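So the sequence shown is numbered by the working numbering: it starts at 7 and just counts up by one. A virtual CB, placed ideally from N, CA and C, is assigned to each residue, including glycine. Values in this document were obtained by computation on a predicted structure and should not be read as measured data.
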Amino acid sequence: MPKKVPLKLTHLTKTYGQYRGIDDVSMELENGEVFGFLGPNGAGKSTTIRTILNFIKPSSGSATILGLDSVKESVAIKNHVGYLAGDIALYKNMKGRDALKFLTSLGKKTDWKYVDELVERLNANLERPMHTLSKGNVQKVGLIQAFMHKPEILVLDEPTSGLDPLMKEAFYAMVLEMKTEGKTIFVSSHDLTEVQKICDRAAFISEGKLMGIEDVRNAKSLNLRRFRATFDTKPDKSKFAELKSVKEVIVNDNDLTATITGSVAEFVSELAKHKPVDLDEQETNLEDLFMHYYNENKNA
């Protein structure tokens, strides 16, 4: 029997009067993948997540988790999902452990040995009232509550906010362990390096619109390439900027850097006319993909 799609969004839209928080967002996650949801602050990441989990109602479109409708079957969905909010607020007068016990009493089965393991790995303090903890330590408790029942799906909104580099590494290890167990993890972030480190695929969102979904492990899946050429004299930027395949040109003294999509033949032909003294291809990464999508969307 085939596994159910862990998370599917179909033309999901949320409007606030004339303003669209998210606009016609569609995507489908695969079982056992770590999926990044990238975009600047205010892009619509948190609105998407809150709509998926039925904290706010969609204006149109739909979302399903494991085949369950996010609006009609939201109660059943909560048994399968571990969630970390971007603006986490956990019972400020409770101790961390008491807050976790209270959440467990709501119906989620918890392996307390696993909780203790997470406490040790994250160097978390569960014995102090939540309001006395720093932002980073509150974040650790939030991560523990999301992971503690080993859910089939994790939905994490800016999960490393407030964590120091060492604790970020501990979190990355936790995510990859869940992946090896066949869990699906949806990670919202504005940190390109973080997403490239742990995710299999990533969606790019800007101003509420989905710009694209790409394989993180293969930044060249768009056939996006970058070349740097050095000349004896300062090159004429306009000669390269007008080429159809060239998406960006930067000139710095005698160096020219060009970002290209598709065939490089046109660029190479123009390059030959100007006789560069040196030419090398630079590695493209997730940031290049993001900027490509952002610029394409802005110019559309």
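Where residue i falls, given that 16 or more other Cβ within 10 Å makes a residue buried
{"i": "R134", "result": "exposed"}
{"i": "G23", "result": "exposed"}
{"i": "H155", "result": "buried"}
{"i": "I204", "result": "buried"}
{"i": "K63", "result": "exposed"}
{"i": "K281", "result": "exposed"}
Backbone secondary structure at residue i - three-state DSSP
{"i": "K226", "result": "Confidence is the limiting factor: at K226 the pLDDT is only 48, short of 50, which leaves the residue's position unreliable, though a coordinate-based value still follows. DSSP places K226 in coil when its eight states are reduced to three."}
{"i": "T138", "result": "helix"}
{"i": "N47", "result": "coil"}
{"i": "F233", "result": "strand"}
{"i": "S275", "result": "helix"}
{"i": "T110", "result": "helix"}
{"i": "D117", "result": "coil"}
{"i": "T54", "result": "helix"}
{"i": "V11", "result": "coil"}
{"i": "D122", "result": "helix"}
{"i": "G73", "result": "coil"}
Within-8 Å CB hit, residue i to chain D
{"i": "T190", "result": "Judged by its chain identifiers, the structure shown contains no chain D, having just a single protein chain."}
CB contact flag (residue i, residue j, <8 Å)
{"i": "I128", "j": "A176", "result": "The sequence as given places Leu at residue 128; Ile does not occur at that position. Contact: yes."}
{"i": "I191", "j": "F43", "result": "no"}
{"i": "I83", "j": "T54", "result": "no"}
{"i": "V77", "j": "N60", "result": "yes"}
{"i": "E34", "j": "V11", "result": "yes"}
{"i": "K101", "j": "L132", "result": "yes"}
{"i": "G92", "j": "D163", "result": "yes"}
{"i": "G45", "j": "H196", "result": "yes"}
{"i": "T21", "j": "S65", "result": "yes"}
{"i": "R231", "j": "I256", "result": "no"}
{"i": "A49", "j": "E220", "result": "no"}
{"i": "M173", "j": "K146", "result": "yes"}
Inter-residue CB distance, residue i and residue j (contact presumed, cutoff 8 Å)
{"i": "K119", "j": "L160", "result": "That pair is no contact at about 20 Å."}
{"i": "T166", "j": "E200", "result": "6 Å"}
task = Mind listing, in chain order, the continuous beta strand (DSSP E) runs of no fewer than 3 residues lying wholly within the stretch 140-199?
result = 159-163, 190-195
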